[in-house]
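These notes concern the structure reproduced below.
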Amino acid sequence: MWIWTAVFLLGLSSGERTDKEKTYERMEITAGDFNEKLQSGKILFIYFEHQVSPPVSLFLVEMEKSAEVLQDYGVLVRKVNCRTELVPTYCTEERLQRTVFLFRGGKEFLSFDLDTVFDVNSIVAEVLFAILREEVKYVHTDADLLAMERTARGKKDMVLSYVQSLGTQEHRSIMETAYVYGSKHQFILITGGPVLKQLGVNESSLSSRVWFLHCRIPGGFPTPTASERCPVTRMRRALSTLNLHSFLQLMEAPLVLEVDVDPSSVPPPQFPYQLTPQVFLFSRPATEHLDRDAAGALAWRLRGVALLLLVHRQSPAVKTPEEFNVAYRRPEKSSEVKYLTLHSLDEVSEIFLDQDKEEEEEEEEEEEEDESQFGKLNDEVAASVFENTGNLMDLDSITQLTSENFHSEVAQSSLTVVLFYLKWDAVSMAFLSSFIGVAEKLEESKVDDVLMSVVDCGEWTDLCAAQPGALVPFQPITEFPSVVLLRPQESPQYYASMLGSEALHRFIILSRTAAPVRLSTQEEVTSFLQEVPHGSQAGDRPDRVLGLFRSPTDASAFLEAAMSLRGEVLSGLLMDGTAEKWAAAHALHLPAVLAFPSWRTPAHPSALPAASSSAAELLSQVRLAMLHPMPELTVDNLPSFLSLGKALLLLFVGEEEDEIGQKQNQELVEEMRRAVELGGARMERYLACWIHLGSTPAGMSVLGSYLGYMPPLPALVLTHLPDGEEVYQYPADSVVAAPSVLQWLQRIEDGAEPPAGMLGADSWPPSAEFYDLLKVMEEAQEPESMQQPTPADEEELEEEEEDLHVEEPLVAEKVTDGSPEPNPSIHSEL
1217 MWIWTAVFLL GLSSGERTDK EKTYERMEIT AGDFNEKLQS GKILFIYFEH QVSPPVSLFL
1277 VEMEKSAEVL QDYGVLVRKV NCRTELVPTY CTEERLQRTV FLFRGGKEFL SFDLDTVFDV
1337 NSIVAEVLFA ILREEVKYVH TDADLLAMER TARGKKDMVL SYVQSLGTQE HRSIMETAYV
1397 YGSKHQFILI TGGPVLKQLG VNESSLSSRV WFLHCRIPGG FPTPTASERC PVTRMRRALS
1457 TLNLHSFLQL MEAPLVLEVD VDPSSVPPPQ FPYQLTPQVF LFSRPATEHL DRDAAGALAW
1517 RLRGVALLLL VHRQSPAVKT PEEFNVAYRR PEKSSEVKYL TLHSLDEVSE IFLDQDKEEE
1577 EEEEEEEEED ESQFGKLNDE VAASVFENTG NLMDLDSITQ LTSENFHSEV AQSSLTVVLF
1637 YLKWDAVSMA FLSSFIGVAE KLEESKVDDV LMSVVDCGEW TDLCAAQPGA LVPFQPITEF
1697 PSVVLLRPQE SPQYYASMLG SEALHRFIIL SRTAAPVRLS TQEEVTSFLQ EVPHGSQAGD
1757 RPDRVLGLFR SPTDASAFLE AAMSLRGEVL SGLLMDGTAE KWAAAHALHL PAVLAFPSWR
1817 TPAHPSALPA ASSSAAELLS QVRLAMLHPM PELTVDNLPS FLSLGKALLL LFVGEEEDEI
1877 GQKQNQELVE EMRRAVELGG ARMERYLACW IHLGSTPAGM SVLGSYLGYM PPLPALVLTH
1937 LPDGEEVYQY PADSVVAAPS VLQWLQRIED GAEPPAGMLG ADSWPPSAEF YDLLKVMEEA
1997 QEPESMQQPT PADEEELEEE EEDLHVEEPL VAEKVTDGSP EPNPSIHSEL
């Protein structure tokens, strides 16, 4: 799946032009300019724009990014607007509107479908691949490779690269490197085929790879092999332009350097070998010939991994004790030289090659394990638990409740927050970490009237599954994790918001306050409307609701609604004569309910109908009043928005690069708010909101799933309709303006606007089959005599017994990299 990250902001008025539009103007040329540049013989990458659709807009963004890159390679990137200019053939045939052309030598050289040049990497890779099509060869079989090796013998070394698909970042790195080094080395590109077997590569491998074939006769230490194949060195780092450049520089380094000083006096390797380890072997005059052979053999093994130096012991500058025969330095870790006493070349090479092999195997195992685990689970919560497996959590800040201490601990606290969890449940363990974080935060802010506690329901099943009528004050726990707030002599309060530390912390802080707070004086009302609860996060202003009633009888619906809002909204109650005085001072009539949303100043509350409202109606009215007229949609508040049952009129805006981008986004949100005001009552069926893809990156996947592709930003969609699964997109080439948005909504209501997509009917089945732990435990407790083997079990047992008598033949490991493996005689040092 291609992940589009381009941002394409539309101007808010015809008189304003964004920086990208100005860039497009610089890229845009006339028909006359095109003919002039064509005759000059330059290499041109030209797109003839017929009409701007969302996919074309995305391509133009990526094309603009590639312009500066390709300019360094002598390629001019331009576009022709066929709506104002006329270039024969290219502007007159509609079938060419999804094609971009490469011109070379005054004529059309090659054409690309937009599906093959979908981002800056694919554009640069495909254009350079086309330019270098004669220089970069392509092989499919080992016979083809062998023929090229024979041709290159004694003339050129070869760089063989494998990429899984063309148009990727790896493909671009290969082509950019080939452009620079193409005259020095023969570059070969493969994307699969039988030749991979010769190189020992599994075609299903997730990583691209590069090999260097030493086909020239090396100077200094010729390879002692009679094979017609060129020795091979594999690049062991990730395929990138920088790593590939460093690798090719390393291949040009001398095979063995000879020094007459102590290893500690040899300076660390300089650019471009600054991160390459150094290996030192020691030589004596009597065995100098054998020492050079051994050094050459080891250098071939360590080619591309380490630089080998031969130290002549007869030099008085060599101070290394006689007991050591090998030394090495790892510059990437420290400049210290370490000395060893080894007995064979294998022991020396194992220091570096085994570590490199282990790192590769670990990476492959991680990739396979990640693919198997996350491919099945597809769950970020489970992934989080998987990554933290083995990390013991610090439970010192919370109390662990059991059947023995539950009642005594709960009775001692005015508010007990209990988390019921299971150790083998992924969500439980992920939330347990957040729960501990909340407990530590409450402790830091000196909130000492809350007892944070947990119950392991896998161990204390009698407590979690207590049936009605038992002494516990809550219903049996059937969902995990579950958070319950307990107070002496009160009904339990269940937490049903997001399983995150911020949401839980805010809920607990607001739950510490009575629901509602009984107010009796003007000063208490003022304090209630202005003070922030102790322990609240900096800048956190809670929503408030104030009820004014003559008597408790009138306030019954409000009291019930206030209890339901506990943890979400702070509620206050003012009654009797004080309520009448306060209402008269503010020109209100009793009974009255005032909502004070956190986004609005307290001087301008919303008055709600309270005379004939039931508790459920009042609850709904309070929540609607707290809603911002143009709220920002986040992961936390999405469930509450969807629960309103309204269609989402959702504006997607991109991450701002500068102050101009921030201003544009603010103006867009303000324009949508104006559309809500201008629409009046007809807009009540919609919930207008916006999502910032910088602060909520998940919105990018949401937008892509709505439309099937990533459109240019800003994008306005209408979705989650109560009466249908359709998704509608506001025209991408239209400015987001209040009157135009209302007209677009009217067309949708009239059935004149076709949908741009449909909500997926994806089901979310369990990630694995249900594991009946109780049944397994019961079977394990049965007497062995009762567990009779089935015929299938007996057959499987017989097969296992037969396998025990089969001996594995000894197989010699085949060397597949083509490197020479001489077996020099053991000399005096090693």
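For any residue, its number in this note's numbering is found by taking its place in the sequence shown, counting from 1, and adding 1216.
Note that beta-carbon positions come from the ideal geometry of N, C-alpha and C, so glycine has one too.
Keep in mind it's a predicted model, so treat the numbers as computed, not measured.
- Item | Sequence-distant residues of the same chain with beta carbon closer than 8 angstroms to S1853, five excluded per side | For this step, residue 1853 is matched to residue 637 along the sequence shown. Checking the sequence shown, residue 1853 turns out to be Asn, not Ser. Contacts found: P1847.
- By the 10 Å Cβ neighbour count, where 16 or more other Cβ atoms means buried, how is F1651 classified, buried or exposed? Looking up residue 1651 in the sequence shown gives position 435. Note on F1651: 16 or more other CB atoms within 10 angstroms of its CB, so buried under the neighbour-count rule.
- Query: Is it right to say A1533 is buried, meaning 16 or more other beta carbons lie within 10 angstroms of its own, or is it exposed?
  - Reply: As a working note, residue 1533 is residue 317 in the sequence shown. For A1533, the number of other beta carbons within 10 angstroms of its own is below 16, and it is reported as exposed.
- Message: Between which residues of its own chain and V1809 is the CB-CB distance below 6 angstroms, once the five residues before and five after are set aside?
- Response: In the sequence shown, counting from the first residue as 1, residue 1809 sits at position 593. Annotation for V1809: G1763, L1824 and A1826 place their beta carbon closer than 6 angstroms to its own, counting only its chain and skipping 5 residues before and after.
- Strand pairing of H1908, partner residues [DSSP]: Taking the first residue of the sequence shown as 1, we reach residue 1908 at position 692. Looking at the DSSP output, H1908 shares a beta bridge with V1869.
- Query: I think G1408 touches L1466, with their Cβ atoms under 8 angstroms apart; what is that distance to the nearest whole Å?
  - Reply: Here residue 1408 is taken as the residue at index 192 of the sequence shown, counted from 1. Here residue 1466 is taken as the residue at index 250 of the sequence shown, counted from 1. Approximately 27 angstroms separates the beta-carbon atoms of G1408 and L1466; this is outside 8 angstroms, ruling out the contact.
- Query: For V1761, is the classification buried or exposed, using 16 other Cβ atoms within 10 angstroms of its Cβ as the cut-off for buried?
  - Reply: Taking the sequence shown and counting its residues from 1, the one referred to as residue 1761 is at position 545. Buried, since its Cβ has 16 or more Cβ neighbours within 10 Å.
- Starting from the C-beta of S1338, find all residues in its chain whose C-beta is less than 6 angstroms away, skip the five residues before and the five after it, and write them out in chain order. Within the sequence shown, numbered from 1, the residue matching residue 1338 stands at position 122. So the list reads G1383, once near-sequence residues are dropped.
- In whole angstroms, what is the alpha-carbon distance linking S1707 and S1921? The sequence position of residue 1707 within the sequence shown is 491, counting from 1. The sequence position of residue 1921 within the sequence shown is 705, counting from 1. The straight-line gap from Cα to Cα measures roughly 43 angstroms.
- Query: Given W1676, which residues of its chain have a CB within under 8 angstroms of its CB, disregarding the five upstream and five downstream residues?
  - Reply: Residue mapping note: residue 1676 aligns to position 460 of the sequence shown, counting from 1. The residues are L1617, T1618 and S1619.
- Considering I2059, what are the terminal residues of the alpha helix (DSSP H) in which it resides? Because the chain spans 1217 through 2046 in this model, residue 2059 falls outside it and cannot be assessed.
- Just to confirm, are F1496 and Y1544 a CB contact at a threshold of 8 angstroms? Numbered from 1 along the sequence shown, position 280 holds the residue referred to as residue 1496. Numbered from 1 along the sequence shown, position 328 holds the residue referred to as residue 1544. The beta carbons of F1496 and Y1544 sit closer together than 8 angstroms.
- Task: In the DSSP assignment, find the unbroken beta strand (DSSP E) run with A1543 in it and report its ends.
- Result: Walking along the sequence shown from the start, residue 1543 turns up at place 327. That run of the beta strand (DSSP E) goes V1542 to R1545.
- Start-to-end residues for the alpha helix (DSSP H) that takes in N1459: Numbered from 1 along the sequence shown, position 243 holds the residue referred to as residue 1459. Looking at the DSSP string, the run of the alpha helix (DSSP H) that includes N1459 is T1457 to M1467.
- DSSP state of F1250 mapped onto helix, strand, coil: As a first step, residue 1250 is located in the sequence shown; it is residue number 34 there, counting from the start. DSSP places F1250 in helix when its eight states are reduced to three.
- Task: Return the CA-CA distance between W1798 and E1784, expressed in angstroms with no decimal places.
- Result: Position 582 of the sequence shown, counting from 1, holds the residue named residue 1798. Position 568 of the sequence shown, counting from 1, holds the residue named residue 1784. Between W1798 and E1784, the alpha-carbon positions lie close to 25 angstroms from each other.
- Beta-bridge partners of Y1944, as assigned by DSSP: The residue you call residue 1944 lines up with position 728 of the sequence shown. In the DSSP output, where bridge partners are listed per residue, Y1944 has L1934.
- Using the C-alpha atoms, what's the distance from E1310 back to Q1945? Residue numbering aside, residue 1945 sits at position 729 when the sequence shown is read from its first letter. Residue numbering aside, residue 1310 sits at position 94 when the sequence shown is read from its first letter. Note on geometry: alpha-carbon atoms of Q1945 and E1310 lie some 25 angstroms from one another.
- Query: Between L1834 and the rest of its own chain, which residues show a CB-CB distance below 6 angstroms, the 5 nearest in sequence each way excluded?
  - Reply: As a position in the sequence shown, residue 1834 is number 618, starting the count at 1. The beta carbon of L1834 sits closer than 6 angstroms to those of A1773 and A1777, all from its chain and outside the five residues before and after it, given in chain order.
- Query: Are the Cβ atoms of R1453 and N1459 separated by less than 8 angstroms?
  - Reply: Your numbering for residue 1453 matches position 237 in the sequence shown. Your numbering for residue 1459 matches position 243 in the sequence shown. N1459 is positioned such that its CB atom lies closer than 8 angstroms to that of R1453.
- Message: On the CB-based measure, 16 or more other CB atoms within 10 Å of its CB, does S1736 come out buried or exposed?
- Response: Numbered from 1 along the sequence shown, position 520 holds the residue referred to as residue 1736. Counting Cβ neighbours within 10 Å, S1736 comes out exposed, since fewer than 16 surround it.
- Task: Would you identify the three-state DSSP class for M1791, choosing helix, strand or coil?
- Result: For the purposes of this step, residue 1791 is taken as the residue at position 575 of the sequence shown. DSSP places M1791 in strand when its eight states are reduced to three.
- Quick one: what's got a C-beta closer than 6 angstroms to V1663's C-beta in the same chain, skipping five residues either side? Position 447 of the sequence shown holds residue 1663. The residues are G1751.
- Message: Could you check whether G1973 and L2051 sit closer than 8 angstroms to each other, using their CB atoms as the reference points?
- Response: Since the displayed the chain opens at 1217 and closes at 2046, residue 2051 lies outside it and no answer follows.
- Pair within 8 angstroms by beta-carbon distance, S1424 and V1396: Here the question's residue 1424 lines up with position 208 in the sequence shown. Here the question's residue 1396 lines up with position 180 in the sequence shown. Going by beta carbons, S1424 and V1396 fall outside the 8 angstroms limit.
- When we look at the beta-carbon of R1546 and count the other beta-carbons within 10 Å, is it buried (16 or more) or exposed? Residue mapping note: residue 1546 aligns to position 330 of the sequence shown, counting from 1. Within 10 angstroms of the beta-carbon of R1546 lie 16 or more other beta-carbons, which makes it buried.
- Reduced DSSP secondary structure (H/G/I, E/B, other) of Y1289: Sequence index remark: in the sequence shown, residue 1289 carries index 73 (1-based). DSSP, read as helix, strand or coil, puts Y1289 in coil.
- Item | Member of L1745, L1786, K1353 and P1704 whose CA lies at the smallest distance from the CA of L1726 | On the sequence shown, residue 1726 is found 510 positions in, with the first residue counted as 1. Among L1745, L1786, K1353 and P1704, the Cα nearest to that of L1726 belongs to L1786.
- Would W1640 be called buried (16 or more neighbouring beta carbons within 10 Å of its own) or exposed? Indexing the sequence shown from 1 puts residue 1640 at position 424. Classification for W1640: exposed.
- Item | Run of the beta strand (DSSP E) containing M1668, from where it starts to where it stops | As a working note, residue 1668 is residue 452 in the sequence shown. Start and end: V1666 to D1672.
- Query: Leaving out the 5 sequence neighbours to the left and right, which residues in its chain are closer than 7 angstroms to A1811 when beta-carbon positions are compared?
  - Reply: Looking up residue 1811 in the sequence shown gives position 595. Cβ within range, chain order: V1761, P1821, S1822, L1824, V1838, A1841 and M1842.
- Message: Give me, in chain order, the residues of the same chain whose beta-carbon lies closer than 6 angstroms to that of Y1555; leave out the 5 immediate sequence neighbours on both sides.
- Response: Translated into positions along the sequence shown, residue 1555 becomes position 339. Contacts found: F1540 and A1543.
- C-alpha distance - D1358 paired with H1387, whole-angstrom precision: Residue 1358 sits at position 142 when you count from the first residue of the sequence shown. Residue 1387 sits at position 171 when you count from the first residue of the sequence shown. Answer to the nearest angstrom: the Cα atoms are 21 angstroms apart.
- Message: Please report the distance separating the alpha-carbon of G1895 from that of L1864.
- Response: What you label residue 1895 is simply residue 679 of the sequence shown in a count that begins at 1. What you label residue 1864 is simply residue 648 of the sequence shown in a count that begins at 1. Between G1895 and L1864, the alpha-carbon positions lie close to 15 angstroms from each other.
- Pairwise C-alpha distance: E1468 and L1376: Here residue 1376 is taken as the residue at index 160 of the sequence shown, counted from 1. Here residue 1468 is taken as the residue at index 252 of the sequence shown, counted from 1. About 16 angstroms.
- Would you kindly check if the distance between the Cβ of D1329 and the Cβ of S1349 is under 8 angstroms? Translated into the one-based positions of the sequence shown, residue 1349 becomes position 133. Translated into the one-based positions of the sequence shown, residue 1329 becomes position 113. The displayed chain sequence assigns Arg, not Ser, to residue 1349. No. Outside cutoff.
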